[in-house]
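> Quick one: structure below, then a few questions.
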Amino acid sequence: MKTFVYIDHFKGQVQPASWEALGVAKSLGEASAVIFGSGVDALAKAAFEFGADEVLVADDAALTDYRAEAYASTLSALASARTPDLILLPTTTRTREMAAMAAVDLNTGVLIDLTGLALEGDKLVATRPIYEGKLYEKAVCSGKPVIATLRGRAFPRPAQDASRSGSAAKIEAKAESPVTVEGYDVAEQAVSVADAGVVVSGGRGISNNPSLTPPAGMDEKQAEVWRAQQGFALVTDLANVLGGAVGASRAAVDGGYIPYSHQVGQTGKVITPDLYIACGISGAIQHLVGMRNAKLIVAINKDAEAPIFKQAHYGVVGDLFQIVPALTEAFKKKLGK
Amino acid sequence: MKIIACIKQVPDSEAKVKAENGQVTWGDAPLVINPFDEYAVEGALQQKEALGGTVTALCIGPESAREALKHALAMGADEAVLVSDAALGALDTVGAARVLAAAINKIGGADMVMFGRQTLDDGSGVTAAQTARLLGWPMLGLVGHIKVEDRNVQVSRVIEEGRQNVSAKLPAVLSLVQSIGEPRYPSFMGIRKASKAEIPVWSLNDLGVGAPASIVTRAELITPPSREVTCEIIAGESPAEIADKLADKILAEKVL
Ligand SMILES: Cc1cc2nc3c(=O)[nH]c(=O)nc-3n(C[C@H](O)[C@H](O)[C@H](O)COP(=O)(O)OP(=O)(O)OC[C@H]3O[C@@H](n4cnc5c(N)ncnc54)[C@H](O)[C@@H]3O)c2cc1C
Ligand SMILES: Nc1ncnc2c1ncn2[C@@H]1O[C@H](COP(=O)(O)O)[C@@H](O)[C@H]1O
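Listed below in structure tokens is the structure:
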């Protein structure tokens, strides 16, 4: 089977699930990594190191910024010319659009956010969560190529082998797009919640520390946000010690404590980290659907009756402002940091 | 400004969804407007308020999906259209996009078409981009803020890394996310108006398209193993003692 693997990146920062997709492609046969952007030599080198048999690069100033139309057209043109059996992409905001549009161009179908992909006879059978993970479906695509995006962390990441190398082949960009990129407001978050192995989240409880005295001159709402920021600083410390990302409930996002990109749940991100620590989160169903498939769930909440404890493997009934910093210290010691 | 909001009807989040004889069932749990599509309606209404014009809610679904359209009307949409046809079985996303594109063309004259981010049933968050591709209109995905000036629309898109700010000429397809603002509650007047509204039903024949072939099909439904979790509460004399015990438990699980 001949597979194209699209390596998704933002300003050269690769979404790690791209490498996981490369591993899946290798297990199915021949794997070509496909990279779009400008000045992406380092990515091509990494793609060889992660196991690509071939690397195809559209390196063009007009592809510096992601624009759905241009990226989709470049991908479709490449696939028409070289007829892969399968195109794999990691599931990201960009690839959903690219995969969607390429499926229209190539008159095929698209399978999104797979947690499993296997060859049964000569058919590729995809497994994906539906109904917010309450069920899974096995789905097949009768078109060719099959286009599929893989959920991050659902497939093993291949090892990087620095001794592997090769020379990338240049392909043509189809850079036309009706969309103009004006700029970015980039959050300073180091690890995104979607692909972090550890996520430490804060909820409305994060602003509930009456013993903190906000700077003079703040009104009530400003004081609440200020308190919440002190709380999130503690959550961030813990996340940093564990090499993880910071998540949030919707109440925390709606309260203006933290940007929407951190939100976990039905209207935020659905994530499956190895460890999820919920601090001051009650455990509403809309939050639970976003994190309940984490391997290990820990809840810190001062209300012993909070529904989050029904989903958690370990719980602490207590004040997060005391427990979270103590936990950070404990891990610092035990992990030798 | 002529704005169309595409909405679907789905089982409520709280529904206990199960697989029974190869079919998805949710007992007597209510069907509701897809929560993400409420943002599509909300964003459409905001733009109507800012720029003048009309909002049309559009849904492909069975007769019962009228209720979702009535919700949009009660929120303030001016009109609603239901596309319903016995020939429409399980549509895949490209199929849904083909039917939506045909309906958008039949409604005619749209400046903006608003979508939700994803449907909560078996949705994939791709129908908006596919509809845009079929219409040949710009796709502005995952939008949290919209500004229209002359025939130019400027938006802020929520991406993994933060926000990407882009612009395009109208007409355009947008998918909206929560940052657009809380969907308004239907008003009493709105509910009354909605209950009396005539909702035309269009068949595929009316749209002049055939039933799209499903390229993606479901082969099997799987019920995930139920997760029986018993929570072990970690207690102790002091935060430090609790933290120490908890850290040991977490380390013993080998998840780090
Ligand atoms: C259509 C729809 C979509 C939604 N989507 C999402 C979504 O994507 N994500 C999401 O999270 N929610 C979502 N919600 C909202 C959801 O229903 C809840 O309102 C929300 O999750 C509550 O957030 P919370 O747990 O932080 O706040 P609360 O429910 O207010 O809980 C705060 C918790 O903090 C505890 N606490 C307070 N102080 C302390 C302290 N000092 N130490 C320890 N614990 C403390 C309290 O005991 C309480 O349990 C959605 C709702 C709807 C209707
Ligand atoms: N049957 C439908 N009728 C109207 N709009 C739909 C329908 N299905 C999907 N949509 C729109 O497309 C968006 C994305 O759907 P999906 O790609 O299925 O996740 C939804 O949020 C709706 O705005």
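For the protein sequence lines, the chains are S and Y, in the order given. Quick note: this note's numbering has the first sequence finishing at residue 344, numbered continuously throughout. Quick note: this note's numbering has the second sequence finishing at residue 601, numbered continuously throughout. Cβ atoms here follow ideal geometry from the backbone N, Cα and C, with glycine treated the same way.
(1) Name, please, each residue of chain Y whose Cβ falls closer than 7 Å to the Cβ of F352 of chain S.
(2) May I have the straight-line CA-CA distance separating P163 of chain S from L29 of chain S, to the nearest angstrom?
(3) Look at the Cβ atom of Q270 of chain S, then the Cβ atom of A255 of chain S, and state whether they are nearer than 8 Å.
(4) In this structure, does DSSP put H490 of chain Y in helix, strand or coil?
(5) Between S:S172, S:A301 and S:H294, which lies nearest to A203 of chain S when the distance is taken from Cα to Cα?
(6) Which of helix, strand or coil does DSSP assign to N308 of chain S?
(7) Starting from the N-terminal end, write out each residue whose C-beta falls within a distance shorter than 5 Å of any non-hydrogen atom of ligand 1.
(8) Starting from D373 of chain Y, follow its DSSP beta bridges and name the residues at the other end.
(9) Let's see if you can read the secondary structure: which residues bound the alpha helix (DSSP H) around P380 of chain Y?
(10) If you measure beta-carbon to beta-carbon, which residues of the region 159-170 of chain S are closer than 8 Å to chain Y?
(11) Using a Cβ-Cβ cutoff of less than 8 Å, which residues in the same chain neighbour C148 of chain S once the five nearest sequence positions on both sides are dropped?
(12) In three-state DSSP terms, what is M534 of chain Y?
(13) For M459 of chain Y, which residues in chain S fall below 8 Å Cβ to Cβ?
(14) Pick helix, strand or coil for A109 of chain S, following the three-state DSSP scheme.
(15) Excluding the 5 residues preceding and the 5 following L63 of chain S in the sequence, name in chain order all residues of the same chain whose CB lies nearer than 6 Å to its CB.
(16) Does the beta-carbon of N379 of chain Y have 16 or more other beta-carbons within 10 angstroms, so that it is buried, or is it exposed?
(17) Tell me, please, which residues DSSP counts as bridged to Y13 of chain S.
(18) Please report the residue range of the alpha helix (DSSP H) in which G440 of chain Y lies.
(19) For N550 of chain Y, is the classification buried or exposed, using 16 other Cβ atoms within 10 angstroms of its Cβ as the cut-off for buried?
(20) Going by the DSSP bridge assignment, what does G325 of chain S pair with across the sheet?
(21) Since I560 of chain Y and D437 of chain Y are thought to touch, with beta carbons under 8 Å apart, how far apart are those beta carbons, to the nearest angstrom?
(22) For the candidate residues S:D326, S:I284, S:A166 and S:H294, whose alpha-carbon lies nearest to that of A311 of chain S?
(23) Any Cβ of chain S within less than 8 Å of the Cβ of K492 of chain Y?
(24) Run through DSSP, which three-state label would Q237 of chain S get?
(25) Using 8 Å as the limit for Cβ to Cβ distance, is T90 of chain S near chain Y?
(26) Give the DSSP-derived three-state secondary structure of W482 of chain Y in the structure shown.
(27) At what residues does the beta strand (DSSP E) containing P584 of chain Y begin and finish?
(28) Cβ-heavy atom distance between C148 of chain S and ligand 2 below 7 Å?
(29) Could you check whether G212 of chain S and I292 of chain S sit closer than 8 Å to each other, using their CB atoms as the reference points?
(30) Leaving out five residues on either side along the sequence, give the residues of the same chain with a beta carbon under 6 Å from the beta carbon of V260 of chain S.
(31) Figure out for me which residue from S:T90, S:E139 and S:D120 has the closest Cα to the Cα of P356 of chain Y.
(32) Quick one: list the residues of chain S neighbouring Q509 of chain Y, beta-carbon separation under 7 Å, in chain order.
(33) Less than 8 Å separating the beta-carbons of P314 of chain S and G290 of chain S?
(34) Under 9 Å Cβ-Cβ, which residues of chain S neighbour P375 of chain Y?
So, from the data block:
(1) With chain S covering only 8 through 344, there is no way to say anything about residue 352 of chain S.
(2) 10 Å
(3) yes
(4) strand
(5) Ranked by how close their Cα comes to the Cα of A203 of chain S, the residues S:S172, S:A301 and S:H294 have S:A301 in first place.
(6) strand
(7) S:G210, S:R211, S:G212, S:N215, S:S256, S:R257, S:A258, S:G272, S:Q273, S:T274, S:G275, S:G287, S:I288, S:S289, S:A291, S:Q293, S:H294, S:N308, S:K309, S:D310, S:A313, S:D326, S:L327 and Y:P380
(8) Partner(s): none; D373 of chain Y has no beta bridge.
(9) Note, P380 of chain Y: alpha helix (DSSP H), P380 to L396.
(10) none
(11) The residues are T115, G116, V117, L118, L131, A133, I154 and A155.
(12) M534 of chain Y carries a helical assignment under DSSP once its states are collapsed to helix, strand and coil.
(13) What M459 of chain Y touches in chain S: nothing, since even the nearest Cβ is about 16 Å away.
(14) helix
(15) S39, V41, A176 and I178
(16) It counts as buried.
(17) BP columns for Y13 of chain S point to S:V41.
(18) T438 to I452
(19) exposed
(20) None, per the DSSP bridge assignment.
(21) 6 Å
(22) S:D326
(23) Output row for K492 of chain Y: interface = no.
(24) helix
(25) no
(26) coil
(27) Premise fails: P584 of chain Y lies in the alpha helix (DSSP H), P584 to A597, not in any beta strand (DSSP E).
(28) no
(29) no
(30) Y267 and Q270
(31) It is S:E139.
(32) The answer, in chain order, is V188 and Y191.
(33) For P314 of chain S and G290 of chain S, yes; Cβs fall inside 8 Å.
(34) By Cβ distance, chain S contributes nothing, its closest Cβ being about 14 Å from P375 of chain Y, past 9 Å.
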